[in-house]
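What follows is a short report on a single structure.
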Amino acid sequence: MKPDVPNIIMHTQTVIYRWRTAAGLLLLTLALTLWAFGDTAASLVAIWWRSETYAHGLLVVPVAAWLLWQRRDRVMRAQPRAEPLALLLLFAAGGLWALGRLGAVLAFEHFALYFLLLGGAWLVAGTDALRRAAFPIGFALFAVPFGDFLVVPLQDFTAHFTVAAVRLIGVPIYREGYDLALPSGNWRVAEVCSGLRYVIASLVLGVLYAHVTYRSRWRQAAFVGASLVVPVLANGLRAFTIVMIGHVSSMRLAVGVDHLIYGWVFFVVVMLALFAIGALWREDRPAVARPAPARSDEAGGPRVFRRQSTRAALAVVLSGIALLLVWPPTVRWLDARNDHDAPSLNAPQVADWRASDVPFTGWSPHFESPRALAAGTYQAADGPVGLVLAYYNNQAQHGELVSWQNTLTGRGMLAWGEINRGLRRVRLPGGESIEVREALLHGGGPSVLAWTWYWTPARSTASPAIAKLLGTSGRLFGRGDDAAQVVLYVPIEYQPEDAAQRLERLVVDAWPVIDRELAAAYRQAAAP
C-alpha cells in the first residue's frame with residue numbers, strides 16, 4: 035500500500051501552534067508591554083482619573099473587554115498564527131513612543147502604547163483573529179485622551195452662536211473676545227464652555243450605539259456623524275439658554291452651581307433624544323446559528339498548509355518581545371547624553387531701554403516650571419515695554435516649553451482673556467525676518483498687546499510644532515532640547531495698530547541682544 039506522504043510529513047513535524055500556547059504567549063506579551071512602558075500606562079490612568087473630559091476612559095476599557103468577551107467564540111474559531119508583519123507595527127509604535135518621550139509629547143506616548151498592545155496581540159494571534167475582534171479593538175482607541183486642539187475652535191463657535199442667538203431675539207449684546215456684555219450682566223465663554231467633553235462623550239456613545247443598533251454601514255456612519263454635529267449645536271444652544279436665564283432673572287439664576295447642573299441635564303436630554311430618534315431606523319440583527327467548531331486535526335486540504343509550528347511561532351513572538359523591550363533603555367541612554375544644567379538667565383540690557391521698577395500692567399504670562407526665568411519692565415523712548423524670557427531644557431511632562439499649561443492668560447484664570455490672536459512677520463536689519471505670534475489681551479486693567487516667539491539654538495520660530503520638532507531632534511542627536519519662549523508686550527494706549535508699530539521697533543532693537551543672551555545661556559547649560 036502506497037504511504038500517505040503529506041500526512042506523514044504533517045504528523046512528524048514540530049507540534050502545531052494552537053490557542054492554548056497562543057493565549058499564554060499573548061498574556062506574556064501584553065504583560066511585558068505594560069511593564070516596560072508602565073509609566074506611560076500610569077499617566078494614562080491618571081488622566082482618566084483626574085480629567086472630567088477624559089474620564090470616559092475608565093469605562094471604555096471594560097466595555098471593550100466585554101465586547102471582546104462577547105465574541106470570544108468567533109475569535110477562537112480562527113487558527114492562531116504568529117504574524118511577522120506585526121514586527122513592523124511594533125517598530126513604528128516603539129519609534130512613536132520614543133519620539134513622544136524625547137519630545138515630551140504625552141499624546142504620542144499614549145497612542146504608541148495602544149499600538150504596542152495592538153501589535154503584540156497581532157504578533158501572537160495573527161491577522162484572522164484580530165479581524166474577528168476588529169470592533170472591540172477599534173473601540174478601545176477611545177481610551178486614549180485626545181482632542182484638546184478642538185477647545186479653541188469649539189470655544190469660538192460657542193461664542194459666535196451665543197451672540198448671534200441673543201441678537202436674533204432682539205437683546206443687545208457686546209462681544210470682546212470671549213467676554214460677553216448684556217444690560218443685565220457680563221459673561222465669559224470659558225474653556226469649559228467649549229463643549230469638548232460633550233462632543234467626546236457623545237462620539238463614544240454614538241459609535242457604540244451605532245454598532246449595536248444598525249447593520250448597514252451608511253446608517254452607522256450617519257448616526258456617528260449626527261453624534262458629532264448634534265452636541266456642538268446643542269452646546270451653543272445650552273450657552274445661549276444659560277445666558278438668557280441669567281438675563282431674565284437679573285443674574286440670580288444659572289450663574290453658580292445650577293449653571294453646571296443645567297449643562298449636564300441638558301446634555302443627557304439631548305443624548306436621549308438623539309438615541310430615541312436613531313431607534314426609529316434600527317436594524318435588528320438576525321439570529322445566527324453558532325457553527326460547530328472547526329476540526330483542528332483534519333488531514334489534507336488547504337488548511338494543512340496554513341498551519342504553523344510552535345517553534346516558528348515562538349521565534350516570531352520572541353523577536354517581537356525583544357523589539358518591544360529595546361525602546362525604554364534606548365531612550366534612557368539618549369536622555370543621559372542630553373543632560374544639561376539649568377543656566378543663569380538675566381533680563382538683557384537693551385540700548386535706549388531704561389530698567390523700571392514700576393509695572394505698567396497687572397498682567398503676566400504663565401509658565402510651568404521653567405529651568406530659568408527672566409523678566410523686566412523698561413522705559414523705552416516711546417513708552418513702557420515688558421519682556422519675559424522662559425528657558426527650558428531636559429524637558430519632561432510638567433516642565434516643557436510647548437505645553438497647554440504655558441499660556442499668555444493662564445489656565446483657569448478669568449481676569450484676563452485673549453481678544454484676538456494671529457501671526458505677524460517682522461523684518462530685521464540686514465534683510466532677515468522673523469514671524470511672531472500676536473495676542474491682544476484684555477482684563478483687569480489697560481489692554482496689552484503681546485508678541486511672542488520660540489528661540490532654539492538652531493533657529494527661532496512662531497510655530498509650537500516646529501519648536502517641539504527642533505527640541506526632539508536636538509535630543510535625538512545629542513545636542514539637547516534647550517529652547518526658550520520670548521514674550522514682548524506693551525500697553526495699548528490708543529489703537530492696537532499703533533502698539534504693533536511700537537512693538538516692531540522694539541523687536542528690531544531687542545532681537546540681537548535677546549539672541550546673544552539666550553545663546554550664552556545655552557552654552558553655559560551645555561558645558562561639561
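Residue numbers (the numbering used here): 35 to 562. All residues carry an ideal CB built from backbone N, CA and C; glycine is no exception. Computed from a prediction, not measured in an experiment: that's the story for all the values here.
Proximity of residue i and residue j at Cβ, strictly below 8 Å
i              : j             : result
isoleucine 234 : histidine 144 : no
tryptophan 487 : valine 436    : no
glutamate 434  : tyrosine 425  : no
tryptophan 131 : leucine 150   : yes
valine 365     : leucine 62    : no
glutamate 538  : proline 382   : no
proline 491    : tyrosine 556  : yes
tryptophan 450 : valine 470    : no
glycine 154    : leucine 358   : yes
alanine 415    : alanine 376   : no
arginine 108   : arginine 166  : yes
leucine 216    : valine 226    : no
threonine 344  : tyrosine 148  : no
glycine 514    : alanine 561   : no
Residue nearest to residue i in terms of C-alpha spacing, selected from the options
i              : options                           : result
isoleucine 207 : Met278, Thr247 and Pro399         : Met278
isoleucine 276 : Ser236, Ala199 and Ala430         : Ala199
tryptophan 489 : Leu483, Leu122, Asp516 and Pro525 : Asp516
glycine 128    : Leu230, Thr74 and Arg405          : Thr74
valine 20      : Leu522, Ala533 and Gln558         : Beyond the ends of the chain as shown, which are 35 and 562, falls residue 20; an answer cannot be given.
valine 266     : Arg286, Tyr51 and Asp190          : Asp190
alanine 174    : Val238, Pro118 and Glu225         : Val238
methionine 285 : Ser218, Gly465, Val241 and Trp367 : Ser218
serine 398     : Asn428, Asn440 and Arg388         : Asn440
histidine 432  : Pro404, Thr443 and Ala409         : Pro404
glycine 172    : Trp367, Val241, Asn269 and Ser353 : Val241
alanine 533    : Arg251, Pro480 and Ser228         : Pro480
tyrosine 243   : Ala146, Leu306 and Arg84          : Leu306
leucine 442    : His400, Ser467 and Gly410         : His400
tryptophan 315 : Trp252, Leu368 and Arg493         : Trp252
glycine 408    : Glu402, Ala430, Gly396 and Asn380 : Per the sequence presented here, residue 408 reads as alanine, with glycine not at that position. When each option's Cα is compared against that of alanine 408, the closest is Asn380.
Local Cβ density within 10 Å of residue i, reported as buried at 16 or more and exposed below that
i                 : result
serine 378        : exposed
glutamine 342     : buried
threonine 192     : buried
isoleucine 311    : exposed
glutamine 529     : exposed
glutamate 86      : exposed
glycine 72        : exposed
valine 482        : buried
isoleucine 355    : buried
tryptophan 69     : exposed
leucine 119       : exposed
tryptophan 387    : buried
glutamate 527     : exposed
phenylalanine 511 : exposed
tyrosine 412      : buried
alanine 268       : buried
valine 299        : exposed
valine 304        : buried
proline 179       : buried
proline 362       : buried
valine 460        : buried
arginine 329      : Its pLDDT being 46, under 50, arginine 329 is placed unreliably in this model, and the coordinates cannot settle the point.
Same chain, Cβ closer than 6 Å to residue i, five either side skipped, listed in chain order
i                 : result
alanine 544       : Val384
leucine 59        : Val158 and Val351
proline 170       : Ala98, Leu101 and Leu102
valine 95         : Ala177
leucine 565       : Because the chain here runs from 35 to 562, residue 565 falls outside it and cannot be looked at.
valine 547        : Pro382 and Val384
leucine 78        : His144
arginine 458      : Val470 and Glu472
serine 261        : Ser236, Leu237 and Gly240
phenylalanine 301 : Tyr232
Close-in-space but distant-in-sequence residues of the same chain around residue i (CB under 8 Å, 5 per side omitted)
i             : result
arginine 222  : Tyr212, Asp213, Leu214, Leu448 and Gly451
glutamine 558 : Asp375, Pro377 and Ser378
Close Cβ partners of residue i (< 7 Å) along its chain, the five nearest in sequence each way excluded
i             : result
leucine 287   : Ile279 and Gly280
leucine 230   : Thr87, Gly181, Leu184, Val185 and Leu188
arginine 536  : Asp416, Gly417 and Val524
aspartate 373 : Asn428
alanine 554   : none
Distance cut-off 7 Å: residue i Cβ against heavy atoms of the ligand ADP
i         : result
valine 94 : You won't find the ligand ADP in this model; it holds no ligand whatsoever.
Q: Flag this pair as touching only if the stretch 385-404 and the stretch 499-510 have three or more C-beta atom pairs under 8 Å; answer yes or no.
A: No, the stretch 385-404 is not in contact with the stretch 499-510.
Q. Would you say the stretch 450-458 touches the stretch 414-422, given that touching needs at least three Cβ pairs under 8 Å?
A. Touching, no, given that fewer than three Cβ pairs across the two stretches are closer than 8 Å.
Q) Just checking, does the stretch 107-120 make contact with the stretch 150-169 on the three C-beta pairs under 8 Å criterion? A) Yes, they touch.
Q: Mind the definition here: the stretch 265-274 touches the stretch 182-197 only if three or more C-beta pairs lie below 8 Å; say whether that holds.
A: Contact check between the stretch 265-274 and the stretch 182-197: three or more CB pairs, one atom from each, fall below 8 Å, which counts as touching.
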